[in-house]
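Under our numbering, the first residue of the sequence shown is numbered 4, with each subsequent residue one higher.
For each residue, glycine too, the CB sits at the ideal point set by N, CA and C.
Please read these numbers as outputs of a predicted model, since none were measured by experiment.
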Amino acid sequence: MISQYRGIAPKGQLELLKILGEKFMGRSILNVNSTRAGGGVAELLHRIMPILASMGMDAHWEVIEADDRFFDITKKIHNALQGNKEDFNDGMWDHHFEINRQNAEKLDLAADFVFIHDPQPAPLIKFRKRGHWIWRCHIDMSTPQQDVAGRIMDYARLYEAAVFSVAKFAMLLPIPEFIVLPSIDPLSDKNRELAPAEIEETAQKFDLPPDRPMILQVSRFDRFKDPVGVIRAYRIVKKYNDCILVLAGSPARDDPEGEAVLAEVQNFADGDPDIRILLLPPFSDKEINALQRLATVVFQKSLREGFGLTVSEAMWKGKPVIGGAVGGIPHQIVHGVNGFLVYSEEGGAFRARQYLNNDEMLKRMGEAAREHIRNNFLITRQIGDYLSICLGAESGGKTVMEIG
Ligand code: UDP
């Protein structure tokens, strides 16, 4: 399977994977998170697991099961870690722990390497039996609510290592911490090349006009993704340039706020026929792929963002994204070279108009965007990073490791 990436991913990444693959042949690796569909973590695991298996590893993915109360609590934890003010009481923390205790009884947590993703299943560490346990945090922790961060750190410190997406999210922990930026799979349905007929099929399905520029944002309906801000930016653009706006999103089991935010967005759109709000079913990968290719201008106007896979996805399709200058987005967008970083709706609208009025710039920056993703944000690089962390865990704190 790794051989399929030849000619797409940088050669050095594939050579490293070959060496690491030989080292880890037959070893077991388990990933645990809180949803199988919706959001970047599930997106990544769907792609990483089969590749690890194809490399000869015994790779498993488990999802914790929980009631609605648990997901209400963990969404509040998520929001608090991303800087909102949220209130908690001991009963909520007890429920968070209790659901994890119940899951620990049901799930097979025995593996050589165990990656636990985000705060929802973080308490599982209390039930570790064997293996190297690593906590992987995907959240924008740049301005966390301190008491909540403290609670999560009490679990995180029990792991053997922690992995964050961006250096400034790292917590003060007494364990090794690593930075691994996420990635996209160029061979997935979400990112593979599409035939013109496949793109056209999506345009027709959603009744998108072929002759009008389209502004797009693909995101869960989450306030941190600022869909209302995107509508405001579109309204500024619309005063000068004809365009339509497409906001595409789908639900996630671990995000109970989606419905309320969707209603806010629909309300704010106020019946504008040029604003298309698409609520897509899970696994609408080909449709998202086609929408990203159909778009003239792609926004990811987040106010907080762990990484923002949607940015890499659109850049891979040659779109120079306009992104909020937060979290992992500035790692993907090199301002003025392969996209623009913005701090306001007005700034977003200004950059969108620049693109809409300058085809040459759009094309040039789009090409730079695709190459930046090729060199830095393809899944082959990320698997190499993860296996290097496993190697580090097994090497008992050695700072230099021979892999050749
Ligand atoms: N996504 C999707 N359908 C949607 C909205 C989002 O498949 O309607 C995908 C999107 O293409 C990306 C992931 O969900 O692969 C979102 O990851 P990101 O890191 O951008 O944000 P998160 O949701 O994890 O905060």
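field: Cβ-Cβ distance between Ala371 and Val340 below 8 Å
entry: The sequence position of residue 371 within the sequence shown is 368, counting from 1. The sequence position of residue 340 within the sequence shown is 337, counting from 1. Yes, these two residues count as a Cβ contact at 8 Å.
- prompt: Which class does Met4 belong to by DSSP, given the choice of helix, strand or coil?
  reply: The sequence position of residue 4 within the sequence shown is 1, counting from 1. Correct three-state label for Met4: coil.
query: Taking C-beta to C-beta, are Trp136 and Val117 nearer than 8 Å?
result: Mapped onto the sequence shown, residue 136 falls at position 133. Mapped onto the sequence shown, residue 117 falls at position 114. In contact: Trp136 and Val117 (Cβ atoms closer than 8 Å).
message: Could you check whether the region 265-278 touches the region 169-177, counting it as contact only if at least three pairs of C-beta atoms, one from each stretch, sit closer than 8 Å?
response: no
task: Sort out for me which residues DSSP pairs Trp96 with in a bridge.
output: Here residue 96 refers to the residue found at position 93 when the sequence shown is read from its first residue. Answer by DSSP bridge pairing: none, since Trp96 is not bridged.
Neighbour-count burial assignment, Leu248, 16 or more Cβ in a 10 Å radius: Against the sequence shown, residue 248 aligns to sequence position 245. Leu248 should be labelled buried.
query: If you run the structure through DSSP and keep just helix, strand and coil, what is Ser347?
result: Translated into positions along the sequence shown, residue 347 becomes position 344. Of the three classes helix, strand and coil, the one that applies to Ser347 here is coil, per DSSP.
- request: Please work out which residues of its chain come closer than 6 Å, Cβ to Cβ, to Ala317, disregarding the five sequence neighbours upstream and downstream, and give them in chain order.
  value: Position 314 of the sequence shown, counted from the first residue, corresponds to residue 317. The residues are Gln295, Val301 and Val324.
Given 8 Å, three or more beta-carbon pairs between the region 232-248 and the region 335-354: yes
message: Cutting at 8 Å between CB atoms, please list the residues of its own chain near Ala56, excluding the five before and the five after it.
response: Here residue 56 refers to the residue found at position 53 of the sequence shown. Ala62, listed in sequence order.
- request: Pull up the distance between the alpha-carbon of Arg27 and that of Leu306, whole angstroms please.
  value: Working through the sequence shown from its first residue, we reach residue 27 at position 24. Working through the sequence shown from its first residue, we reach residue 306 at position 303. Correcting the residue type first, residue 27 is Phe in the shown sequence and not Arg. So the alpha carbons of these two residues sit roughly 39 Å apart.
query: When you compare only the Cα positions, how much space is there between Ile155 and Ser191?
result: The residue labelled residue 155 in the question sits at position 152 within the sequence shown. The residue labelled residue 191 in the question sits at position 188 within the sequence shown. Each residue's alpha carbon lies about 33 Å from the other.
task: Look at Asp150 and Ile32 and say whether their C-beta atoms are less than 8 Å apart.
output: Residue 150 sits at position 147 when you count from the first residue of the sequence shown. Residue 32 sits at position 29 when you count from the first residue of the sequence shown. No, Cβ-Cβ distance for Asp150 and Ile32 is not below 8 Å.
field: Rounded Cβ spacing between Phe147 and Leu47 (contact assumed at less than 8 Å)
entry: Within the sequence shown, residue 147 is the residue found at index 144, counting from 1. Within the sequence shown, residue 47 is the residue found at index 44, counting from 1. The sequence shown places Pro at residue 147, not Phe. The pair is not a contact, with the Cβ atoms about 22 Å apart (cut-off 8 Å).
query: Mind checking Asp111: buried by the 16 CB within 10 Å criterion, or exposed?
result: Taking the sequence shown and counting its residues from 1, one reaches residue 111 at position 108. Asp111 is exposed by the Cβ-count criterion.
Own chain partners of Asn92 with C-beta closer than 7 Å, once the 5 adjacent residues on each side are dropped: As a working mapping, residue 92 is identified with position 89 in the sequence shown. No residues qualify anywhere along the chain.
When Ile336, Gly134, Phe353 and Leu161 are compared against Phe380, the one with the closest alpha-carbon: Taking the sequence shown and counting its residues from 1, the one referred to as residue 380 is at position 377. Ranking Ile336, Gly134, Phe353 and Leu161 by Cα distance to Phe380 puts Ile336 first.
- prompt: Going by the beta-carbon positions, is the gap between Pro124 and Val183 smaller than 8 Å?
  reply: As a position in the sequence shown, residue 124 is number 121, starting the count at 1. As a position in the sequence shown, residue 183 is number 180, starting the count at 1. Not a contact, by the Cβ cut-off of 8 Å.
query: Just to confirm, does Phe380 get its C-beta within under 7 Å of one of the non-hydrogen atoms of the ligand UDP?
result: The residue labelled residue 380 in the question sits at position 377 within the sequence shown. No, the beta carbon of Phe380 sits no closer than 7 Å to any heavy atom of the ligand UDP.
message: Is Arg223 close to the ligand UDP? I mean its beta-carbon at under 7 Å from any heavy atom of the ligand.
response: Mapped onto the sequence shown, residue 223 falls at position 220. True, at least one ligand heavy atom lies under 7 Å from that Cβ.
- request: Indicate the three-state DSSP secondary structure (helix, strand or coil) for Glu163 in the structure shown.
  value: Numbered from its first residue, the sequence shown carries residue 163 at position 160. Coil at Glu163, not helix or strand.
- prompt: Does the separation of the CB atoms of Ile280 and Trp319 fall below 8 Å?
  reply: Indexing the sequence shown from 1 puts residue 280 at position 277. Indexing the sequence shown from 1 puts residue 319 at position 316. Cβ atoms of Ile280 and Trp319: not closer than 8 Å.
- request: Hey, could you find the ends of the alpha helix (DSSP H) Glu252 is sitting in?
  value: The count along the sequence shown starts at 1 and reaches residue 252 at position 249. The residue asked about is misnamed: residue 252 is Gly in this sequence, not Glu. Segment Ile247 to Gly252 is the beta strand (DSSP E) holding Gly252; no alpha helix (DSSP H) there.
- request: Tell me the start and end of each unbroken beta strand (DSSP E) in the region 234-288 that is at least 3 residues and wholly inside, in chain order.
  value: 247-252 and 278-282
task: Please work out which residues of its chain come closer than 6 Å, Cβ to Cβ, to Ile278, disregarding the five sequence neighbours upstream and downstream, and give them in chain order.
output: In the sequence shown, residue 278 corresponds to position 275, counting from 1. Hits under 6 Å: Leu248 and Ala272.
message: Based on DSSP bridge pairs, tell me the residues matched to Val66.
response: Within the sequence shown, numbered from 1, the residue matching residue 66 stands at position 63. DSSP, once it has assigned bridges, lists Asn36 as partnering Val66.
- prompt: Helix or strand or just coil, what does DSSP make of Phe27?
  reply: Position 24 of the sequence shown, counting from 1, holds the residue named residue 27. Note: Phe27 maps to helix in three-state DSSP.
query: Who are the Cβ neighbours of Ile142 in its own chain at under 8 Å, not counting the five residues just before and after it?
result: Reading the sequence shown from its first residue, position 139 is the one you call residue 142. Correct list, in chain order: His81, Leu84, Gln85, Asp121, Pro122, Phe172 and Gly309.
- prompt: Helix, strand or coil for Gln85 per DSSP?
  reply: For this step, residue 85 is matched to residue 82 along the sequence shown. Of the three classes helix, strand and coil, the one that applies to Gln85 here is coil, per DSSP.
Helix, strand or coil at Gly153 according to DSSP, with G and I counted as helix: The residue you call residue 153 lines up with position 150 of the sequence shown. Reduced to three states, the DSSP call for Gly153 is helix.
query: Do you know offhand how far Arg160's Cα is from Ala40's?
result: Taking the sequence shown and counting its residues from 1, one reaches residue 160 at position 157. Taking the sequence shown and counting its residues from 1, one reaches residue 40 at position 37. Spanning the two alpha carbons is a distance of roughly 28 Å.
task: Could you please give the first and the last residue of the uninterrupted alpha helix (DSSP H) stretch that includes Val403?
output: As a working note, residue 403 is residue 400 in the sequence shown. First-last for Val403: undefined, no H or E at that position.
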